[in-house]
Structure formats: structure tokens, C-alpha cells
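First comes the structure, then the notes that go with it.
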Amino acid sequence: MTDSKYFTTTKKGEIFELKAELNSDKKEKKKEAVKKVIASMTVGKDVSALFPDVVNCMQTDNLELKKLVYLYLMNYAKSQPDMAIMAVNTFVKDCEDPNPLIRALAVRTMGCIRVDKITEYLCEPLRKCLKDEDPYVRKTAAVCVAKLHDINAQLVEDQGFLDTLKDLISDSNPMVVANAVAALSEIAESHPNSNLLDLNPQSINKLLTALNECTEWGQIFILDCLANYTPRDDRESQSICERVTPRLSHANSAVVLSAVKVLMKFMEMLPKDLDYYGTLLKKLAPPLVTLLSAEPELQYVALRNINLIVQKRPEILKHEMKVFFVKYNDPIYVKLEKLDIMIRLASQANIAQVLAELKEYATEVDVDFVRKAVRAIGRCAIKVEQSAERCVSTLLDLIQTKVNYVVQEAIVVIKDIFRKYPNKYESVIATLCENLDSLDEPEARAAMIWIVGEYAERIDNADELLESFLEGFHDESTQVQLQLLTAIVKLFLKKPTETQELVQQVLSLATQDSDNPDLRDRGYIYWRLLSTDPVAAKEVVLAEKPLISEETDLIEPTLLEELICHIGTLASVYHKPPSAFVEGSRGVMHKRLPARTGSGEGTECPDVGNAAGGSAPEAAPSIIPSQGDLLGDLLNLDLAPPTTPAVLLPLMGAGFGAAPAVMPASLNAPVGGGLGDLFDLGGGVGMPMGAYIPPKTVWLPAMKAKGLEISGTFARRAGVIQMELVLTNKAMSVMTDFAIQFNRNSFGLAPAGPLQVLTPLGPNQTIEVSLPLSTVGPVMKMDPLNNLQVAVKNNIDVFYFSCQYPISMLFVEDGKMERQVFLATWKDIPNDNESQFQIQDCHLNSEAASNKLQGSNIFTIAKRTVEGQDMLYMSIKLSNGIWVLAELKVQAGNPNYTISLKCRAPEVSQCVFQCYEAVLKN
Amino acid sequence: MIGGLFIYNHKGEVLISRVYRDDIGRNAVDAFRVNVIHARQQVRSPVTNIARTSFFHVKRSNIWLAAVTKQNVNAAMVFEFLYKMCDVMTAYFGKISEENIKNNFVLIYELLDEILDFGYPQNSETGALKTFITQTGIKSQSKEEQSQITSQVTGQIGWRREGIKYRRNELFLDVLESVNLLMSPQGQVLSAHVSGRVVMKSYLSGMPECKFGMNDKIVIDKQGKGGASEEAAGKSDLGGSGGGGGKQSIAIDDCTFHQCVRLSKFDAERSISFIPPDGECELMRYRTTKDIILPFRVIPLVREVGRTKLEVKVVIKSNFKPSLLAQKIEVRIPTPLNTSGVQVICMKGKAKYKASENAIVWKIKRMAGMKESQISAEIELLPTNDKKKWARPPISMNFEVPFAPSGLKVRYLKVFEPKLNYSDHDVIKWVRYIGRSGIYETRC
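Chains as they are written, first to last, in full-length UniProt numbering: chain Z, 1 to 922; chain B, 1 to 444.
Right, dumping it as C-alpha cells:
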């Protein structure tokens, strides 16, 4: 016997025929007819006209027929509420049936009939069934409470069903417990504040016991419910975790994911130094990996969740990169998700492998996948600096394939790479420009235009390129129009002479012929800026761009926390909070991760403190943040602000010329003579010792200066202060036209001559330059006192940095004071001006110390020994005539020296002390 | 929870439609057909959101099963349920096809009413369902029978009924492994893992308490070297000594168990104890990545001779004991889309160019261990102006070997049934190992 014939009746008058059959006396015929009705119902035909006839078949002892009639009832009762009443009697009777299967069937079906009148009659049978002796009936009745609540919430509360349902949580049968939990959770969701699921350690314990015994589905209900509980403290949290972890070995992926959800949530409360915390982290990885051998649909759900988990706790899966490699036969949705996770897990340790994979993927068939793979290569470059070069060359290879969408995608990511590593890969611009014509997507066009604008000074025909885009200005998308406007303005600021016309054209296109308010506004702003204050325009348009972040597409932390609480559910698949896709009151409640309890906080706070304390290195070279002020200062030194930046160079040149070159300009003058003199002064000390020269430090990293790296130090040689610079070109292009300028500073330091870089500096070349300094420049007190702000210019741009020089550079050779004068001065300087310092861990005896100091023009005038303590009296003269007097106490066997400094300008004491320390320890 | 469940044929006609929740209307049936089944492009996600309604679908041959909901349901559970639904249907009427579904639609509705209540999955173990949902119409049940049914459906051991009797107590264990490999053209293993299953077929009387043991590294290390062999099951030498030879124990990355296994006991003592369902069940699944025996090595050599010719040479080497035989060996060598003709020479087996599949398929019936064989092919290409290079899909391979590539061995399976008078020794046990290729690919 087959049932498919029921699907084939399409005759007219069918309803009439069916009616006759339904009223037949023969049981078999009746059953056949009901089957036909159900088949028609399934394919969407309206058979509601047969309602009374079908309901008449309900009174039967044939369970199969009864079920079919019930199915019909559930479908049509709502459209025929009056007639549905006819069925009530049968239901009530069935609820008393000796067969538990029939009792359950009746109560199950009644709950699905959403007719108010029937609902009223349901209450009594339901009450009985909730206390039925048979667990099968009870578990069905538990769900029925949820059904009834969905129809009439008030009725359920009035009838006290909620309390009965709560009692069922303590039922002896695990399946009853599971269904009661499911029903209560659902009801609680629509009453966010009802405290229905009054979870406490006792009820949690019951749930955990039932967890071990119930069906796989029941385990899911219980775990999902547990995830809503917030343990009182970390100990409770740990004990729940311990009882949930065995679920990670369940064959049902949903059980595993729900267990992961509970663990991820409760882990928040565990102190990180706890051994168990580490154990738990380790236990999470294998089951997550195992999920990837499930069916593809489940893999997809698992991958979407892993994406969240990796963002929240990257340590769990950091060693599991390989399992996310894409298989050739994976469905596309699995491939795309795996790719996402691969990028998140990419690190220096595995980057070679990842890149090799991504390169493979970029040759696959699926366009979306290939695009994403190309984008991924770019993201790797940004994330792992060491791989950047390899990524760029891979991208270039891909561009050579000329496959249109690959090229476009590659250009979009290369733009980001340029932003991340300025002045490193600009040599590829030429290759990019070759593909200009093939770009038809707005994002790629905008990226290309940005590149042309940003590097206009290095692209000979930048104006032509931009002009070619300008022709179809109005057909471009807004993204491209905005980018084009900015790019042309940049070009103008960089090459003002040739591009006047172009900029006029784009400004008028943007402001007069466009309906887009964004475009118009930006156009007007540029126009006004350019016409009123070109300097400001340059500062605004060519301002340093903020760094781009390593990670993209990161989910915002509060949303991530919420989604972690929804692991396994649709929210975690969509990566959206439930409120974004669920209607009504359900899911409006925002879930949050629990806060760590007391002991946890204790361990974290000191770390933060340390970090804050340690992150303030004092003498590290710093990049001047507010360029604007400095630029103003530098330019004000000379004349009125220039009208266009193009004239900056001659102006600065004039500035250099204006600084009087008092000091001899011999750059690498032999130091021998000077040293000889020093030795004489030192009274024939055996060991040759020169002035202390601090080691070279990087003042300007290449990252901040478009590839120019500057490191250096200061030295005083033969009475001449010298700034010793090492310039390294880390960019791809040749650098020429170097010049240097100082801002006003505390001691009037100024270059005594031009920066002597006579040959162009090629890529990867390094040059060492000594710049003699004078001390007759303009003076302005700096903070710290020995801070020096420097501007260096080359053919690319002007760069600013600041550095600190050791004040010992300013100690002059004739700083030896007469004894009498010393005594008088010491007395003369008020005691308030005296400052005392400790120099620790210095293992020189007084004699050696004295010799060493003398090399840096700190002269010992007298020495006295009192009770095994050597007192050394010293004098120092600064280049601006300030005298500093010092008393150094050296005790034999004690590595800690005490130094007292007296000076009429006490501000310098700190710097002088630093010099003492530096000189004595080197 | 699940709001409705629909089954469609490949044309998008509804075969089964069961709505559980009021928020799912008839239009949902059509929305899925229009937006997913009749969609122009390939399916991009197994979860689709159409007008705030979410559709989960799986496909079995050309039948679509879709679960519908408007709530934030447990997505993993919905898919697990859909798979389970397929298993149950298969257990009742065999293959899931349009014809079978139409023939059994009354049964399917009955099942759907039982295993899904208000969208909450209920007991879906076929063993239990078959006791009271039958195709033979009414079966008069005595009161005892009825309560036995309900206690089984809701009970702690929902997968087994009481009072099973066999004259001969017998059990079969199949260790089925699929070995997966991705190898670079240079022979470097990019990734390899074995995913295995232990399938148990048992015909045991009463409520037997079983304990399963294997050469799990953690257990072996815990026991020390002394007691490693004493408990080995009588039949475990049927093929247990694999190709790689004397590996004592294996490191299992992760394993999952049938719901009959007591997970808390495994977590605490790593012992696998359970009361099995009657008949067949998948006792456990596991995954290993360490020290995998790769039964075959594929060495590809592809040379492009000019624009219109490719020369391909592929060598396969078998890497296991010479006394064992691999079967059903198939090597699939992809060819470019613009292939016009292929000449193949192979030393062993048969090779054919299949234009419809864009591949050369080389089949060898049997091959012993430590042997090698070779195929060479000349592929003529039509000149094209297609700029895009041929993607060179990997060479894939299929085979079956009579050992477990992971090195897993069954050490024992002990049976205790305290109430009936048969002991562990009376049970006849069989163990079989089969290693199959999963995704076994070598890039070329």
C-alpha cells in the first residue's frame, strides 16, 4: 500500500466526493478519505469546508486515524472556532484514557488549538496531566504549559500552572525536568523581570544531576538554561564548569556548543592564575576542532561561533591554524568562514604557511572566495609586519594575472598597506598605474585615486592620471568623487604650479555641478582653505593620517560579550544581537558576561599599575605631536609665513644663513689637539679619556618620516659641540636636498653650518654627518631643559622630531674656578639653590672619578678627606656663562656617591646631575 | 524554538508541511521556495533570513528539508535535529526520495508529531520510536506494554528496551577510519588527520553493561607497561596489526560518544562504559593527527609543453605491510577545461579520460603494500584566449585498506549482565578495521 496516490487527485468535485467518503460506514474508507484530506492540506489546498465531516471521524479507537484528525484540527480550528468546540468533548475524554500515549496525545494536541473557548476547557485536563503518574504524560504536559502561555499568559498565571511547572524541575524523570526547564525558559523570556527561573545553588544542582541522565535534546535545554545563571563566586563557577566539561565529548554538536557557551561564560569569573583556568582553556580546543568534522551545515554554525571565540579568547585556538585550511570540496559558506578565522589566527609563527595557502586560494573559481583570499593577503601584511614584503610581492604576482576582480581587490588592499607602512612599497605604484583602465569597481577606483593623490610628488604624470578620471566625474559613485576631489587638492598642494587649472576644475565640478551635499561641502571647505590660508590647507589636507588598525572587522566588545552569551544560537550565526532579528518582547533582554569576582581583580590591578608606571620612558626620543605650533615657530624665526609650501626651502635656507657661524665649520676636525690640552689640564693622568658621548639613539623612525630614519648623538670635540647624525634611507626612492633647522631652545643651540649631505641618498643607503653647533641662537626655555626640537627637510617632505642632548656638551673648557672664588661663590649662593643627589652603584675611587669627569670639562678644584670620606669640590661653566659648583662625597667601599650641586640657576641642577651619572657610569 | 518544518522536492513543491508555532504562516513555505530553492545563484549559506524569519535547510539527494523559526533558536540544535530527522526517516523507509516521502507521508506526520513538540525536539531514538509508531496500524497493547513504552521513551536508558533475548550473544565492532591528507607538490604534508568511528552491532540479551578499551595513550600511560596486553579481546588480532607495525598506543586528539556512554565517567577515569542500544549504533567518533600511517603517497609531475599540451606523470606508492592488500583504488587527475584529447599509459589498472568530469580517472582493483605504480598522460589543449590560468585542482585519491591508519586497536570489550546467566566469555565478539580515504589530496 502506498500513500502517494493521495497526492494525485485533482478532479473537480473532489471536495464533494471526499465528504461522501468521510461519512462512509467503512472504517477503511474513512481513513483513506482523511489521508486524502491531509494530502490536499499539505500541498496548500483549502479543505476547511470538510471540517464537520473530519471531526466526526475523531471518535475512533484507531490511533493512526485519530492522529490524522488531530493534525487536521490543528490546522483548521482557528478558521472554524465554533465548530472546533465539537472536538472538546473528545479531547477531555481522551485525557482520561487509560493509555498514557492517548492521554499525552490529547493534551499535546489541545495545546496546539488556538481557540479561546477550547483553551478554557484545557485547564482541568492539563492540571491532571501535570500530575499524571506516567512521565510520558507529564513531559508532554510541561510543554503544554508553554503552549497555553503563548495563547493566554494571564490564564496560565491565574491557574497556578507556573508553580506546578516549577515543581516539575524536581521531578524524578530527567526528561520531565528537561521539558519543564525548556518551558520555563521560554516563558521567562517573555517576562524578563519575573524571576520565574529562580535559579539558586540547589536548583542548579538538580539541573546538573538531570544533565547526566536525559536525552541529548534535554541536555541542550538544560545547558542553555544554565548559561543564564550567574554563579555567586568563582568557586561555584568552577564547580559548575567541572560538571559541565564532560559534555564536551558528546556526539551531538549542539550539546557541545551549549557546553562551550556555559564554560566561556563562567570562565569569566575564574581567576586567571588558577590552575583550573588553564586546564579549562586547554580542554576547549579539541571539541571545537572536532566540530569541523561534522556535516557542512553544522561546520558553518561552528565556524561562526569559533569566529566569536577566537576574538574573545584567541589563546584557545592559536595552535590550531591547520584545521582551518580550506578543502577543495568544502561548500562555499564553509570556505569563506574558514578564511576569516585563518586571518584572525595569523601570526608571525604561522604566517609562511598561511600565505602559501592564501596564494592557492587566490586561483580558485569562486569569485567571492578569491576576492576574500586576496583581501586576506593584504590583511596579513598589515597584521604581521615581517610578512609585509612577501605579501606585497604575492599581491604583485596576482596583479600580473590580469584577472579583473583580482587586480581590483589587490589594489584596494595595497592602499591599506601603503597607509600602514609609508615609504616602503611605493616602488610598486608604477605597476598599479598600468592597470588603471581595468578598474571598474568604485572601491578599487577610489583606492587607486587615493594612491595617486597621496604620492603625487612621485608620479610624474599624476596630473594626467587624475585628469583622466575627471572626465566622467558625474558618472562616478560618490566614493570615487570624494576621493578624486581630495586627491587633486593634494596634488595641487604638492605641485602648485602645474595644476592650478585642474584644481579649479574639480572644485567647480564638486561645488557647482553636484547635488551631493557631502561632496559640495567638502569642495567648499577646500576652496576656502586654499584661497585664504594655503599653509593651513597643507596642514589639513596633508596631515599625518592616523594609523590603521591591525585587526579589521572586529566585533565591538560589548556586542561580542553579548554574542558569547548566545553561543550556538542564531544570534551567534548572524553575529547580531537577537533584538536585530526577533520580533516582539523576546530577546530584548541583553545578556552580559559575569564580572570577575574579588580574587580575580586583585591579580589584575597591579599589572595595570605597572604598565602605567613603565610606559613613561623619560629620555626616549619623541615625535612632536603638535606639528602645527612647531611649524609656526620654525617659520616665524625668519620671515612672514610663506604663501605656498613650495617656497619653504629657500626660506629655510635663509634661516641657516642667518645663524651666525661663530664656531669653526670644520666638520671632522682632528680631535687630537683638543684632547692633548685636556690631558694637560688633568695634570698628567695616565689614561686617555675623552668627553663622554652618549650612544646613538633613533630620533626619528622611518615609519614616521616616509622612510627616512635619523639616529644620532651629541659630542663635544675640541671645544666644538657637534650633532652627529646617521641618516638612513629606508624608502624605495632617492632622497636629496637635505636641510636642518632647530626650534628655539634653552641654550640657544643652532646649526653652525648647513647639513653636509652632498650626494643623494639612495635606497638602503646610510650616511653619517657631523653638524657643528653654535650656542648663539635664539633662546627659549624648554621643558625638559635640554630638549631640542629639530626639523629636517628633504625632497620628500619636512619631518619634525625632538631629542635631548646631554648638558655636558655645554660645559666649556675654561670652567676651572679659582679656589677662593669657589669658596666665595659657594657661600654666596643661597642654600635654597642647593640640591642633593645620590649616584648609585659607582665603583670608581675618587681619583678615577675626578679624572673621568675632567674629560667632560668638570674640573676638580680641591679634595679633602674626612673620616675615610673623600670630598671633591668641582666647578663647571656652561656655554652661556652659568657656573655650577659641586661637592662630591666618595666613601671608600661604598658604591653610592652623594653629590650636592649649587647654582644660581637651580633648574640646571637636574640636568647636570644626569651628566654626572652618565659620565661616571660610562 | 522551531516554528515549522517543511519538506520540498527539487522543484520546490511541498511534500510535508508541519507548523508548530503560531508565528509561522503559510507564506513562509513560499518564501523559502522563492528565495532559496528557486534562487538563481548557488546557496551561500545553510541559514537564510527572509523578512525576519530564519530558514535552516539541509539537502538529501534532491529533497530539501527546511526548519523555520522567528526566534533566536539554538542553531546547532536545529541542524542536529534535521540530521536526526533524516536518520529516523531512513530507518523507517529507506532512502529519502520524493517517492518514499509521498508513500509515507502519514507516517512522517506521525513521527513529526512525536519527535517535535511545540518545536522542542523530544526522544528521537529509532529504537524507542519503533516500539509505538508503526506502519501496521493499531496494535492492541496491554497495560504493561504501554507503560513499558512510555518509561522507555522518557527513561534514562531511552535507547534500549527491557526483556531483549538472544539465543546467541554476539557483537561486532567495526573500526572505520577515514584518513584525510593535503600534500604539497613537493611531498610536504600540509595537513593530515584521521577521523574514525567505532560502530557496534550488538545482539545481547537483557541490559548488558559494557566496557570498551582501546590503545588510548592516556590510559596506557596511566596503567604503566605491565598490564597492557592482558585484557586484549580474543578477536582483536583479526587485523589489528596495521601497516605501520608495532605502535603501542595512540594519541587521540578528541573523541565524542553516543549518548549511551557515561560521559562523566569518561571525564573522570577515561573509561568507556555503557549499556548499548540493541542492534547497530555509532559508539564513538574520534580524531587523531599524530603519527598517522598514510597508506599512499602520490607524486605528481605536471609539465606544460607549449600552450596546447600538458604532460602529466603520477606515481603512487603504497606504504604498508606487503602482506596487506588495498582495494578500490582510484586516482583522479584533473584536466583543464579546454582539454581536447588525452592519451594515457598506465602500468596497472585501467585509466580513462572522463570529459564530463574534467578528469582522468585511474582505477586499480587491488594493490599490495610497499609497491608503486605509475601513470603518464599527454593532454592536448584547445588554444583559448581566456586570460585566467587553469586553477590546477588537486589530485585526489580513493582507497580502502584493511587496517586503521590512526593505529587504533581495540583492546577489549567486556560485557556484564548480572541478571542473566551468561558471562563475558560466552559472548562471541568480532572486530574489523577498515581504513578509507577521506579527502586525500595532493596539489600539483
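Think of the CB as a built atom: it goes at the ideal place given N, C-alpha and C, for glycine as much as any other residue.
Option in the options with minimal Cα separation from residue i
| i | options | result |
| --- | --- | --- |
| residue 913 of chain Z | Z:891, Z:177, Z:884 | Z:884 |
| residue 301 of chain Z | B:36, B:45, B:21, B:18 | B:45 |
| residue 294 of chain Z | Z:417, Z:331, Z:824, Z:280 | Z:331 |
| residue 774 of chain Z | Z:573, Z:721, Z:406 | Z:721 |
| residue 882 of chain Z | Z:892, Z:901, Z:873 | Z:901 |
| residue 447 of chain B | B:308, B:188, B:195 | Lying before the first or after the last residue shown, residue 447 of chain B is absent from chain B, which here runs from 1 to 444. |
| residue 819 of chain Z | Z:862, Z:125, Z:411 | Z:862 |
| residue 905 of chain Z | Z:772, Z:791, Z:747, Z:763 | Z:747 |
| residue 445 of chain Z | Z:456, Z:457, Z:755, Z:432 | Z:432 |
| residue 408 of chain B | B:103, B:169, B:178 | B:178 |
| residue 317 of chain B | B:419, B:296, B:427 | B:296 |
| residue 351 of chain B | B:337, B:325, B:378 | B:378 |
CB contact check: residue i to chain B, cutoff 8 Å
| i | result |
| --- | --- |
| residue 434 of chain Z | no |
| residue 191 of chain Z | no |
| residue 653 of chain Z | Here residue 653 of chain Z scores only 34 on pLDDT, less than 50, and its place in the model is too uncertain to base an answer on. |
| residue 844 of chain Z | no |
| residue 278 of chain Z | no |
| residue 167 of chain Z | no |
| residue 375 of chain Z | no |
| residue 42 of chain Z | yes |
| residue 35 of chain Z | yes |
Exposed unless 16 or more other CB atoms sit within 10 angstroms - verdict on residue i
| i | result |
| --- | --- |
| residue 166 of chain B | exposed |
| residue 441 of chain B | buried |
| residue 463 of chain Z | buried |
| residue 258 of chain B | buried |
| residue 836 of chain Z | exposed |
| residue 394 of chain Z | buried |
| residue 360 of chain Z | buried |
| residue 613 of chain Z | The predicted model places residue 613 of chain Z with a pLDDT of 38, which falls under 50 and marks its position as unreliable, so this point remains unresolved. |
Any C-beta of chain Z under 8 Å from that of residue i
| i | result |
| --- | --- |
| residue 436 of chain B | no |
| residue 290 of chain B | no |
| residue 55 of chain B | no |
| residue 300 of chain B | no |
| residue 26 of chain B | yes |
| residue 331 of chain B | no |
| residue 373 of chain B | no |
| residue 307 of chain B | no |
| residue 8 of chain B | no |
Residue i beta carbon near the ligand FAD (any heavy atom closer than 7 Å)
| i | result |
| --- | --- |
| residue 453 of chain Z | The ligand FAD is absent from the structure shown, which contains no ligand whatsoever. |
Note down, one range per segment and in chain order, each beta strand (DSSP E) of at least 3 residues found wholly within the region 431-458 of chain Z.
Listed in chain order, there is nothing to give.
Segment contact flag, the region 32-39 of chain B with the region 520-537 of chain Z, C-beta cutoff 8 Å, min 3 pairs
Contact between the region 32-39 of chain B and the region 520-537 of chain Z is absent, because fewer than three Cβ pairs lie under 8 Å.
Are at least three pairs of beta-carbons, each pair with one atom in the region 867-880 of chain Z and one in the region 806-817 of chain Z, less than 8 Å apart?
Yes, since at least three Cβ pairs between the region 867-880 of chain Z and the region 806-817 of chain Z fall closer than 8 Å, the two stretches touch.
Take every Cβ of the region 415-425 of chain Z, pair it with every Cβ of the region 715-732 of chain Z, and state whether three or more of those distances are shorter than 8 Å.
In short, these stretches touch, since the Cβ pair count reaches three.
Entirely enclosed beta strand (DSSP E) segments - the region 755-813 of chain Z, minimum 3 residues:
As for any beta strand (DSSP E) of minimum length 3 sitting wholly inside the region 755-813 of chain Z, the runs are 766-774, 787-793, 798-804, ordered along the chain.
Which runs of the alpha helix (DSSP H) fall wholly inside the region 86-121 of chain B and span at least 4 residues, in chain order?
Within the region 86-121 of chain B, complete alpha helix (DSSP H) segments of at least 4 residues are found at 98-103, 105-115, given in chain order.
Can you check the region 515-594 of chain Z for any alpha helix (DSSP H) of at least 4 residues that lies completely inside it and give the ranges in chain order?
Fully enclosed alpha helix (DSSP H) runs of 4 or longer: 517-532, 534-541, 557-564, 570-574.
Would you check if the region 558-565 of chain Z and the region 261-269 of chain Z touch, i.e. whether three or more CB-CB distances between them fall below 8 Å?
In short, these stretches touch, since the Cβ pair count reaches three.
At least three beta-carbon pairs within less than 8 Å, the region 70-82 of chain Z to the region 42-56 of chain Z
By the Cβ criterion, the region 70-82 of chain Z is in contact with the region 42-56 of chain Z, since at least three pairs of Cβ atoms, one from each stretch, lie closer than 8 Å.
Every unbroken beta strand (DSSP E) within the region 683-758 of chain Z, with a cutoff of 3 residues, ordered by chain:
Listed in chain order, they are 697-700, 708-717, 720-729, 739-742.
Counting only runs that start and end within the region 54-83 of chain B, where is the alpha helix (DSSP H) found for 4 or more residues in a row?
DSSP runs (the alpha helix (DSSP H)) wholly in the region 54-83 of chain B: none.
Which runs of the beta strand (DSSP E) fall wholly inside the region 284-353 of chain B and span at least 3 residues, in chain order?
Correct list: 296-305, 309-318, 325-334, 339-346.
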